[in-house]
Amino acid sequence: MLHQPRQPLGFGPELRRLRLARGFTLGQLSALVHYSKSQLSKVERGLKAPSAQLARLCDTALEADGDLAASAPSFTLSSPTPEPASDEGETWLMRLDPTGGASFESVPRRSVVAAGAASVVPLGRPAPRTDSSAVLHTARSLFAHYRSLGQSAGPHLVLPPLIAQTHTLRSLAHQADLRSRNGLLSLASRYAEYIGWLVQETGDERGALWWTDRAVELAEDGGDHGLAAYALVRRALVTLYRGDAAQTVELARRARRLAGSDRVRGLAAQREAQGHALAGDHRSCMRDLESARELLASADEDTREQTPVIGSSTLADPVSMITGWCLYDLGLPAEAARVLDRQTAVLPPHALRSQARYGIRRALAHAAAGEVDHACAVVQTLTAATDSVASATIRTDLRRLAHVLRRHPTRSGSELAPWLATHI
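Just so you know, the sequence shown maps onto residues 1 to 424 in the UniProt record's numbering.
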């Protein structure tokens with residue numbers, strides 16, 4: 001549920017003062033921000049609180065350099081970001097039903113014992129000797145395939161085998177020699193981190209953070225202390241989708257300080273830029289995007305072929321894509337649309353999740369820029385991809401798009417409405 005603080009008394013009058021100082025009528029400002037004169041009038045008179053997006057659009061149109069946007073009431077989810085559940089138990093239980101549903105929980109071993117042997121069917125005892133190097137090589141290859149599958153299928157199809165592979169790797173590590181053990185645990189940590197991301201895609205923030213913490217534990221057990229910083233970048237993604245700009249920036253800054261690699265520092269800089277964009281801070285956002293570009297370029301030169309890449313592997317130019325993302329949040333939807341048009345055009349054909357995520361963001365930018373019919377046409381090309389990947393985070397932008405379409409009713413919007421109604 002959204003918690004909406006009372007509107008500061010100065011926001012409406014300040015909006016009116018800046019509008020008149022620029023010589024704009026309500027109609028002219030309405031044409032620039034694509035909100036009705038009636039709604040702008042209510043905001044100026046303090047009868048209606050502005051949305052964060054309207055505040056940023058007005059700030060940009062009136063060249064207020066972020067001051068107007070900063071004075072708008074903040075909108076964040078009323079409950080705090082959930083802390084991940086502790087790993088109380090040693091036993092992982094996964095249930096698969098005939099309809100394709102699946103569930104997972106980690107429980108104390110004593111709970112399994114108390115439930116009775118009849119409730120658990122053993123699949124055989126571990127072999128006394130296993131070729132760890134062969135398993136590691138195959139599991140690394142499988143990981144690349146699972147990541148590819150995750151780009152074209154919903155989390156419910158990908159999570160069960162990922163969890164099973166993570167369990168296999170951590171179990172095998174206990175009987176391997178030190179060198180093989182570290183490699184197995186390091187790869188298990190990458191599996192667990194990816195699971196955390198997919199769990200977030202189901203809408204389960206608490207579960208996502210639990211798996212992210214498990215990833216850090218597995219990595220550190222294997223002598224890899226670099227994943228802890230990336231875990232902060234992942235937590236910052238949770239707060240970003242919750243609309244918490246300050247917490248997103250703080251987590252990303254901590255990640256940059258802790259990170260031991262340019263790759264993670266670059267990803268943290270990107271996330272910090274997104275947090276600044278959410279806060280309407282254009283200068284800080286652009287500065288961090290430039291830092292991200294330099295750091296990720298440096299990281300690309302040092303990439304080890306056998307190490308699974310941390311973060312997205314489907315974006316040819318991740319910083320440019322995130323720049324388009326940020327420009328929308330900064331109240332520059334037309335600029336955002338132009339950037340996202342270019343970047344989404346070069347996404348790999350198999351990357352349905354990325355096509356849907358950034359394509360819907362692109363449509364949202366076009367709609368906010370007043371190009372409603374074009375936005376609807378873009379979404380129509382993405383309905384199959386969006387259905388396939390079943391993403392809770394993509395639904396965030398679909399809800400925003402639905403709000404824009406309600407403000408600007410068109411025939412194309414009416415045609416899209418039935419599909420949109422089932423996805424928000």
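Heads up, the beta-carbon is just placed ideally off N, CA and C, and yes, glycines get one too.
Would you mind sorting residue i into buried or exposed? The rule is 16 or more other CB atoms within 10 Å of its CB.
i: P84; result: Reliability fails at P84, whose pLDDT of 48 lies under 50, so the model's placement of it is uncertain and the value that follows must be treated cautiously. Its Cβ being crowded by 16 or more others within 10 Å, P84 is buried.
i: T248; result: buried
i: L20; result: exposed
i: A246; result: exposed
i: residue 510; result: Residue 510 cannot be examined here, being either before or after the span of the chain that is shown, 1 to 424.
i: P80; result: Residue confidence is low: P80 scores 46 on pLDDT, short of 50, so the model does not pin down where it sits. Its coordinate-derived value is still stated next. With fewer than 16 Cβ atoms within 10 Å of its Cβ, P80 is classed as exposed.
i: residue 454; result: With the chain represented from 1 up to 424, any question about residue 454 goes unanswered, as that position is not in the structure.
i: R283; result: exposed
i: S171; result: exposed
i: D300; result: exposed
i: Q151; result: buried
i: M1; result: In this prediction, M1 scores a pLDDT of 37, lower than 50, which makes its location untrustworthy; the coordinate-derived value is nonetheless stated afterwards. So M1 counts as exposed.
i: I195; result: buried
i: R147; result: buried
i: R22; result: exposed
i: E63; result: exposed
i: E105; result: exposed
i: P349; result: exposed
i: Q165; result: buried
i: I163; result: buried
i: R95; result: exposed
i: D281; result: buried
i: I424; result: exposed
i: S291; result: buried
What distance in whole Å lies between the Cβ atoms of residue j and residue i, which are believed to be in contact at a cut-off of 8 angstroms?
i: L54; j: V33; result: 7 angstroms
i: D244; j: S189; result: 26 angstroms between Cβ atoms; not a contact.
i: V389; j: R353; result: 4 angstroms
i: T314; j: L364; result: About 20 angstroms; that fails the 8 angstroms criterion.
i: I310; j: L258; result: So it is not a contact: roughly 14 angstroms between Cβ atoms.
i: A60; j: G331; result: Per the sequence presented here, residue 60 reads as Thr, with Ala not at that position. Right, their Cβ atoms sit about 4 angstroms apart.
i: L136; j: L184; result: 6 angstroms
i: A215; j: E201; result: Not confirmed; about 16 angstroms, so no contact.
i: L149; j: V158; result: 5 angstroms
Taking residue i as the reference, give the member of the options with the closest Cα.
i: T323; options: G331, H276, A336, G311; result: A336
i: L405; options: S391, D288, L420; result: L420
i: S41; options: G12, T60, D65, A392; result: G12
i: A375; options: Q343, L416, R342, T393; result: L416
i: A402; options: V389, T383, A367, T381; result: A367
i: T422; options: D387, S412, Y146; result: D387
i: R271; options: L382, S312, A392, P348; result: S312
i: A228; options: P409, R361, R265; result: R265
i: Y230; options: P418, Y241, W197; result: W197
i: P418; options: P308, T383, A153, Y328; result: T383
i: S186; options: P161, A176, E220; result: E220
i: G222; options: H174, R234, Y35, S51; result: H174
i: A153; options: S391, K37, R362, R140; result: S391
i: C326; options: A273, V372, V238, S291; result: A273
i: S298; options: L289, G280, R263; result: R263
i: R254; options: L232, L237, R56; result: L232
i: P308; options: L142, D373, A269; result: L142
i: E205; options: A70, R287, T393; result: T393
i: L240; options: A279, S261, S71; result: A279
Quick check: is the beta carbon of residue i nearer than 8 angstroms to any beta carbon in chain B?
i: R257; result: You won't find chain B in this structure, because it holds only one protein chain.
Is the closest heavy atom of the ligand FMN to the C-beta of residue i under 7 angstroms?
i: Q274; result: Absent from the structure shown: the ligand FMN. Ligands present: none.
key: Sufficient close CB pairs (3 or more, under 8 angstroms) joining the segment 37–57 to the segment 307–324   = No, they do not touch.
inquiry  = Check whether the segment 172–183 and the segment 195–215 touch, using three or more Cβ-Cβ pairs below 8 angstroms as the test.
reply    = At 8 angstroms Cβ cutoff, the stretches do not touch.
query = Is the segment 343–361 close to the segment 394–405, with three or more CB pairs under 8 angstroms?
reply = Between the segment 343–361 and the segment 394–405 there are three or more C-beta pairs closer than 8 angstroms, enough to call the two in contact.
task = List in chain order: all unbroken alpha helix (DSSP H) runs of 4+ residues lying wholly within the segment 158–232.
result = If only complete runs of 4 or more residues are kept, the segment 158–232 shows the alpha helix (DSSP H) at 178–201, 205–221, in order along the chain.
ask   = Can you give, in chain order, each stretch of the alpha helix (DSSP H) that sits fully within the segment 243–296 and has at least 4 residues?
value = Within the segment 243–296, the complete alpha helix (DSSP H) runs of at least 4 residues are 245–258, 262–279.
task = Output the residue ranges of the alpha helix (DSSP H) runs that lie fully inside the segment 3–64 and measure 4 residues or longer, sorted by chain position.
result = Runs of the alpha helix (DSSP H) inside the segment 3–64: 11–21, 26–33, 37–44, 52–61.
key: Segments of 4+ residues assigned as alpha helix (DSSP H) that fall wholly inside the segment 342–385   = Runs of the alpha helix (DSSP H) inside the segment 342–385: 352–368, 372–380.
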